[in-house]
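**Student:** Sharing a structure below in structure tokens format, with a few things to ask.
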Amino acid sequence: MLESLNSLSVLAMICSALGALMYLGLARSQDSERGITTLAVGGVLHQSGWFVWALALFGSADLLAWLAILLLLLGQLGLLAGTRRSFARPAVLGWWAALIPLCLLAVIASLVQAISAAQAGLLQALLLAPLAFQIGREAFQPGNDEEWSLPRYLLVLTVFALAGILLCASLCNVFGAIPHDRLAQIWAVLACAISVVLPYSYQLMIAHRLHTRLTKLVRYDALTGLLNRRGMEEHAERELHRARKHNSSLGLMLLDIDQFRVVNQRYGYGSGDAALKKCAKKIREIAGDEALIGRIAGEEFCIIFCDKNSHELRSLAVEIEMALEALTIEHGDFSFHLSVTLSLVKYGRHGNQFEALLQRAEEKLQLRKGHLRGEAIPEGAITVAP
1 MLESLNSLSV LAMICSALGA LMYLGLARSQ DSERGITTLA VGGVLHQSGW
51 FVWALALFGS ADLLAWLAIL LLLLGQLGLL AGTRRSFARP AVLGWWAALI
101 PLCLLAVIAS LVQAISAAQA GLLQALLLAP LAFQIGREAF QPGNDEEWSL
151 PRYLLVLTVF ALAGILLCAS LCNVFGAIPH DRLAQIWAVL ACAISVVLPY
201 SYQLMIAHRL HTRLTKLVRY DALTGLLNRR GMEEHAEREL HRARKHNSSL
251 GLMLLDIDQF RVVNQRYGYG SGDAALKKCA KKIREIAGDE ALIGRIAGEE
301 FCIIFCDKNS HELRSLAVEI EMALEALTIE HGDFSFHLSV TLSLVKYGRH
351 GNQFEALLQR AEEKLQLRKG HLRGEAIPEG AITVAP
């Protein structure tokens, strides 16, 4: 058993060194991400704790083992703060920082032999396990700024497994179900697994977040948060496929802000951006969550409605047009209104593909603009002479 324990200890030292390198590599490659530096510092301390603990197994040094526990505790506190920062929450440790003086008291009690070896092992598990549970809880909270993914599942399961195994093995050792030597082997195996899986799960999580962010940049408009032209095309193709498969209705609405260039020239580009964001918000409120809404050009918005008949589409068009023209755009010292023009086309009647529908909607929009050009413009709207 001694040879097996020594082999596991060497393996744990190697794994902890590799894990530390993974955290350092993460900090170097993703230094612009929030919480990465804190995660890296906490991760290296955590790996150092496993390294020192594995080293202590060779000489059965109690003081070295408690030093390892202290490093593990400091590392988990760093991981907790880094995980909170990584998920856009304040890195406040709160009463978890009180575990450090509790750990020092446990060290003193162990050194003066006020507690047995089994009790010391249980105290070590009680110091580490709740903190591991809290790290998993922080990653598990639904308020996090990313969707659930396999990397987050792996992170949560890893820290929960760490906490659970520590508690179960230590309790079994206290009640005599597991010998102390066997407990050391379990901890060594745990050190090998955690030292590799935990930093790897953090790497996967950060990589997934970057991939998700890049995907959003490609498919979503940064100013309004709506779909951009590419994102609109991809989502529209799926909806058109569904409409063909189920023989359902689909309507496309194209909306253009009249003389938007004048807004930028007269009131500045900041006012134009404010107008676009306010229009996008109002369109989203009226169209609802089921509609596809995109900003496909500078001042053009495209809306796709599913399962709406012609009467419902016309009602929505009138409501959106009136709501946008009633908006008061305020930016700095300026306050103004907008006028908009929109057109409606339906799947099947005006085309069967997104590009065909969009082209037909653009033609109808330009025809309506030409028809309205000679009409009186509502008072307060931004206009220029034709």
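Here the sequence shown stands for residues 1 to 386, numbered as in full-length UniProt numbering.
Beta carbons: idealized from backbone N, C-alpha and C, even for Gly.
The model shown is predicted, which means the values in this text are computed figures rather than measured ones.
Across the stretch 250-260 and the stretch 309-320, are there enough close Cβ pairs to call them in contact, namely three or more that are closer than 8 Å?
**Tutor:** yes
**Student:** Apply the 10 Å Cβ neighbour rule to Q141 and answer buried if 16 or more other Cβ atoms are within range, or exposed otherwise.
**Tutor:** exposed
**Student:** Would DSSP call L252 helix, strand or coil?
**Tutor:** Here L252 sits in strand by DSSP.
**Student:** Which of the three DSSP states, helix, strand or coil, is assigned to G298?
**Tutor:** coil
**Student:** Out of curiosity, what's the CA-to-CA distance linking H208 and V156?
**Tutor:** 15 Å
**Student:** Would you tell me roughly how many angstroms separate the C-alpha atoms of L227 and A91, rounded to the nearest one?
**Tutor:** For L227 and A91, the distance between alpha carbons rounds to 33 Å.
**Student:** Using a Cβ-Cβ cut-off of 6 Å (strictly less than) and excluding sequence neighbours within five positions of G294, which residues of its own chain qualify?
**Tutor:** Correct list, in chain order: L226, L227, M232 and C302.
**Student:** DSSP beta-bridge partners for T341?
**Tutor:** D256
**Student:** Looking only at its chain, what residues have a beta carbon closer than 7 Å to the beta carbon of I283, apart from the 5 residues adjacent to it on each side?
**Tutor:** I293, F301, I303 and I320
**Student:** Roughly how far, in whole angstroms, is the beta-carbon of L128 from the beta-carbon of L72, given that I think they are within contact range, below 8 Å?
**Tutor:** 6 Å
**Student:** Could you tell me the distance, in whole angstroms, from the CA atom of W66 to the CA atom of V107?
**Tutor:** 6 Å
**Student:** Which residues does DSSP pair with S335 in a beta bridge?
**Tutor:** E330
**Student:** Please state whether DSSP places L292 in a helix, a strand or coil.
**Tutor:** strand
**Student:** Given a threshold of 16 other Cβ atoms within 10 Å of its Cβ, counted over all protein chains shown, does E299 qualify as buried or as exposed?
**Tutor:** buried
**Student:** Hey, is the stretch 303-317 in contact with the stretch 196-216, meaning 3+ C-beta pairs nearer than 8 Å?
**Tutor:** no
**Student:** Quick one: residues in its chain with C-beta nearer than 7 Å to the C-beta of V41, no 5 flanking neighbours on either side, listed in chain order?
**Tutor:** G78
**Student:** Reducing DSSP to helix, strand and coil, say where K278 ends up.
**Tutor:** helix
**Student:** Hey, out of K277, Q359, A326 and N247, whose CA is closest to S339's CA?
**Tutor:** Of K277, Q359, A326 and N247, the residue nearest in Cα terms is A326.
**Student:** Fully enclosed by the stretch 168-251, which alpha helix (DSSP H) runs are 4 residues long or longer?
**Tutor:** Complete alpha helix (DSSP H) runs here, min 4: 180-219 and 229-246.
**Student:** Looking at the secondary structure, which residues open and close the alpha helix (DSSP H) in which W96 lies?
**Tutor:** Looking at the DSSP string, W96 is not in any alpha helix (DSSP H), and its letter there is neither H nor E.
**Student:** The alpha helix (DSSP H) with R34 in it runs from where to where?
**Tutor:** No alpha helix (DSSP H) holds R34; DSSP gives it neither H nor E.
**Student:** Can you list, in chain order, the residues of its chain with a C-beta nearer than 8 Å to that of R314? Leave out the 5 residues immediately preceding and following it.
**Tutor:** In the same chain as R314, and ignoring 5 residues on each side of it, the C-beta atoms closer than 8 Å to its own belong to L344, in chain order.
**Student:** Use the C-beta contact count for K369: other C-beta atoms within 10 angstroms, 16 or more gives buried, fewer gives exposed.
**Tutor:** exposed
**Student:** Starting from the Cα of C168, find the closest Cα among G121, G43, P199 and E285 and give me that residue.
**Tutor:** G121
**Student:** Under the three-state reduction of DSSP, which class applies to K369: helix, strand or coil?
**Tutor:** helix
**Student:** CB V44 to CB Y23, shorter than 8 Å?
**Tutor:** A contact, by the Cβ cut-off of 8 Å.
**Student:** Which residues in the same chain as A20 place their Cβ atom closer than 6 Å to its Cβ, once the five residues preceding and following it in sequence are excluded?
**Tutor:** V44 and Q47
**Student:** What is the DSSP secondary structure of I304, reduced to helix, strand or coil?
**Tutor:** strand
**Student:** Among Y220, A274 and A191, which has the Cα closest to the Cα of A54?
**Tutor:** For A54, the nearest C-alpha among the options comes from A191.
**Student:** How many Å lie between E285 and F354 at the Cα?
**Tutor:** 24 Å
**Student:** Let me make sure I understand the geometry here. Which of R266, V263, V197 and E290 has the alpha-carbon closest to that of E239?
**Tutor:** E290
**Student:** Following the continuous alpha helix (DSSP H) through G78, name the residue where it begins and the one where it ends.
**Tutor:** D62 to S86
**Student:** So, at 6 Å on beta carbons, what are the nonlocal neighbours of V159 in its own chain, with the 5 sequence-adjacent residues on each side left out?
**Tutor:** A132, I135 and G136
**Student:** Given that a residue counts as buried once 16 or more other Cβ atoms are within 10 Å of its Cβ, and exposed if not, what is E138?
**Tutor:** buried
**Student:** Just the Cα atoms here: how many angstroms apart are G176 and L123?
**Tutor:** G176 and L123 have their alpha carbons spaced roughly 16 Å apart.
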